[in-house]
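Beneath this line is the structure, given in structure tokens, with notes to follow.
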Amino acid sequence: MKHTFLRLSIAFGGLFGPAYLANSASDGVYPLTENSWSNPEFKKRFLGSYGFDMEINPKITSEEAELLGVVAEFMNTDTGEAIRQLEAAITPETSAAIIYTIGSLYLQEGELDKAIERYRTSIERFPNFFRAYQNIGYALVQKGDYVGAKPMLVEAIEIGGGNGTLYGLLGYCFLNTGDASFALDSYRQALLFQPDSNDWLLGKLNSLLDTGMTQEAIAMLSDMIEKDPSNANFWMMQANAFMGESDHEKAIANLELLDRMGGNSPRSLALLGDLFLNENLPHLAVERYKKAAGFSELSTDKIIRMAEGLGARGAHSDAVELVNELNSARATISPKEQLMILNLQAEASIAMGRADEAASILEDIVAQDPLNGKALLSLGDYYRSKEDLENAMIQYERASKVKGFESKGLIALARVEVTLRDYANAVSRLKRANALDPKDYLEDYIRRLEAVLRSS
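Anchor point for the sequence shown: position 268 equals 976 in this note's numbering, and the numbering is continuous, going up by one each time.
Laid out in structure tokens, this is it:
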């Protein structure tokens, strides 16, 4: 459970910058940053030239060499024309090298399916084709087919020997398919070749966290922070790791430092507020929550949850202030979110003794959400406190028909009937309530009421 929470915290916390947040929020996929096709240096390193190591890559004929010389001028200026000329020259005798070159041009153009098809054809013509396996692996990674990419990358390593990119991509595939221990082994190998790769370092960190090796991850992050103390992501990651170890004091210290360094984000501030609230320090939580709520990118739902947390700790006026600011600052609030706000305002009004104000809000709630059992019971309690027993019973009756509130509604009705000295009906309702949700105190209450009935 601890590690599941930790991963969720990392995914929520913006640990790898905007690109990572976009990916994580939508599909839970770990990103590649420097080792992606959008990085020209990676592209150059990965594809290399169109020449080959002849021991693990196919030879070309003199005619094919001449053809490559003709199309070479188009490869960087008009890839489409280079592909057209090479495709037109294909015969059953065309070497795997030419087919591979077409695949690489398609890969360069982002036409992944066509690239994979050509690479597979080149492997059929030259089964020991290192670069074709390597590039299929990468194309499948780009498609998000991590299961399919793994055997291709493994085959490339077996044929041509490992390098940082191959081991790193293999680790990336293992990480995204839930094989964290294999991912960790692969990333460790990748870092032997490319020790400064942020992708592989961050991949290793996530693998350590997923395998429960949190202390090693914390130590690794300490080294990274020492080398780059201004990197807010590292401080945030380590805070999440401390939370995974239930070391909230150190997590708070990290987030406070981040705030003082000016590296905070709405998520880091909200998380800091949550930690203060968990430590029963709502006055410190409020300050961070208000600061977090000032960021437009923090979701309305999260702000409402923050306010609910304050209300649960008795900071009702602060909770209401937070959602009132939300109402005035946000142009669009969904009907569901508006109901959540009304519920919170009603609970705060009740807690602060503002009964008439609470009743007005509760009427709004049940008008919009007729099956809100909690609001119906609260409204019934209000009418009962005003000795309007008829309206109280109407609300309790409605609550008794709402799934999950049947027993509470029946008990509330029985109490009104006891007030009216209708003991027979009260006993009947209490027996139904006890059948739905047996309680010792209900059985005792029923026995006492039955005794009253017998004596009357």
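Each residue gets a CB set at the ideal place from its N, CA and C atoms; glycine is no exception.
Note the first and the last residue of the continuous alpha helix (DSSP H) segment covering residue i.
i       : result
Glu817  : Ala804 to Glu817
Leu861  : Tyr854 to Gly868
Leu1006 : Segment: none, Leu1006 is in no alpha helix (DSSP H) and carries neither H nor E.
Asn941  : Ala940 to Gly952
Gly1117 : Glu1114 to Thr1127
Asp1064 : Ala1063 to Gln1076
Ile1154 : Asp1148 to Ser1163
Pro990  : Pro990 to Ala1001
Arg826  : Leu820 to Arg833
Gln1053 : Pro1043 to Ala1059
Which residues in the same chain have their Cβ closer than 6 Å to the Cβ of residue i, if we skip the five residues on either side of it in sequence?
i       : result
Leu1161 : Tyr1131
Leu980  : Leu963 and Arg996
Glu924  : Leu916
Val1110 : Leu1079 and Gly1081
Leu716  : Bear in mind that the predicted position of Leu716 carries a pLDDT of just 24, short of 50, making it unreliable; the figure below should be weighed with that in mind. Same-chain partners within the cutoff: there are none.
Tyr1104 : Gly1088, Gly1117, Ala1120 and Leu1121
Tyr827  : Gly811, Ala840, Asn843 and Ile844
Lys858  : Cys881
Tyr854  : Cys881, Asn884 and Thr885
Met783  : Ala790
Tyr1091 : Asn1099 and Ala1100
Using the C-alpha atoms, what's the distance from residue j back to residue i?
i       : j       : result
Arg1123 : Leu1079 : 22 Å
Ser1036 : Glu1045 : 14 Å
Leu775  : Leu848  : 29 Å
His956  : Leu1030 : 25 Å
Ala947  : Asn1099 : 52 Å
Leu820  : Glu795  : 16 Å
Asp1072 : Arg1156 : 38 Å
Leu1050 : Leu909  : 46 Å
Met1126 : Glu1151 : Contrary to the premise, residue 1126 reads as Val rather than Met in this sequence. Their backbone Cα atoms lie some 16 Å apart in a straight line.
Asp1148 : Pro937  : 59 Å
Ser803  : Gly971  : 55 Å
Met944  : Asn1133 : 60 Å
Ser1068 : Arg1062 : 10 Å
Thr922  : Ser1007 : 29 Å
Leu684  : Ile933  : Residue numbering for the chain in the displayed model covers 709 to 1164; residue 684 lies beyond these limits and cannot be assessed.
Gly891  : Pro903  : Note that residue 891 corresponds to Ala in the displayed sequence, not to Gly. Whole-angstrom Cα-Cα distance: 16 Å.
Asp1064 : Glu1095 : 14 Å
Met1014 : Val994  : 9 Å
Thr769  : Val778  : 14 Å
Glu781  : Ile807  : 18 Å
Asp735  : Ser1093 : The pLDDT assigned to Asp735 is 40, lower than 50, so where the model puts this residue is not dependable; a value taken from the coordinates is nonetheless given after this. Spanning the two alpha carbons is a distance of roughly 50 Å.
Leu1097 : Val1135 : 18 Å
Ile1220 : Ala978  : Absent from the model: residue 1220. The displayed extent of the chain is 709 to 1164, so no value can be given.
Asp907  : Asp1009 : 32 Å
Arg792  : Gln850  : 24 Å
Lys935  : Asp887  : 29 Å
Lys992  : Ser930  : Reading off the sequence, residue 992 comes out as Leu, not Lys. If you take the alpha carbons of Leu992 and Ser930, they lie about 27 Å apart.
Which residue wins for smallest C-alpha separation from residue i, given the options the options?
i       : options                               : result
Pro800  : Pro937, Arg968, Thr829 and Ala1056    : Thr829
Ala927  : Ile807, Asn941, Phe950 and Asp1152    : Phe950
Gly869  : Leu883, Phe838, Leu899 and Ser889     : Phe838
Phe834  : Thr1040, Pro766 and Arg1092           : Pro766
Ser976  : His991, Val1126, Val1028 and Lys999   : Lys999
Leu1018 : Phe1003, Gln1053, Leu1047 and Glu1005 : Gln1053
Ala961  : Leu983, Thr1040, Asn941 and Gly952    : Leu983
Phe901  : Asp1009, Ser889, Leu913 and Gly872    : Gly872
Thr809  : Tyr895, Gly1022 and Glu772            : Glu772
Gly1112 : Lys1094, Glu1095 and Ala1141          : Ala1141
Glu1005 : Ala1015, Asn988 and Pro974            : Pro974
Glu1016 : Leu992, Met1048, Ser1007 and Asp1096  : Met1048
Asp918  : Glu953, Asp931, Ala993 and Lys935     : Glu953
Arg1106 : Leu1084, Ile1041, Ile798 and Lys958   : Leu1084
Leu989  : Leu892, Gly777 and Arg1021            : Arg1021
Met690  : Leu929, Asn939 and Ser1163            : Lying before the first or after the last residue shown, residue 690 is absent from the chain, which here runs from 709 to 1164.
Less than 7 Å separating the Cβ of residue i from some heavy atom of the ligand HEM?
i      : result
Leu883 : With respect to small molecules bound, the structure shown includes none, and the ligand HEM cannot be examined in it.
So, for residue i: in the same chain, excluding its five sequence neighbours on each side, which residues have a beta-carbon less than 8 Å away from its beta-carbon?
i       : result
Asn986  : His956
Met1060 : His1024 and Ser1025
Near residue i, which residues of its chain fall below 7 Å by C-beta distance, leaving aside the five closest residues on each side in sequence?
i       : result
Ile1011 : Ala1001, Leu1030 and Leu1034
Leu1185 : With the chain running from 709 to 1164 in the structure shown, residue 1185 is simply not present.
Ile1058 : Ala1066 and Ser1086
Leu874  : Gln842, Leu861, Ala864 and Ile865
Ile867  : Ile764, Asn836, Phe838 and Tyr841
Ser1042 : none
If we call anything under 8 Å between Cβ atoms a contact, is residue i one with residue j?
i       : j       : result
Glu825  : Thr787  : no
Leu1138 : Ile1154 : yes
Met860  : Gly876  : no
Ala1075 : Ala1056 : no
Ala823  : Leu815  : yes
Ser894  : Leu913  : no
Ala898  : Ser889  : no
At a Cβ threshold of 8 Å, is residue i touching chain C?
i       : result
Lys1111 : Within the model displayed, chain C is absent; a lone protein chain is all it includes.
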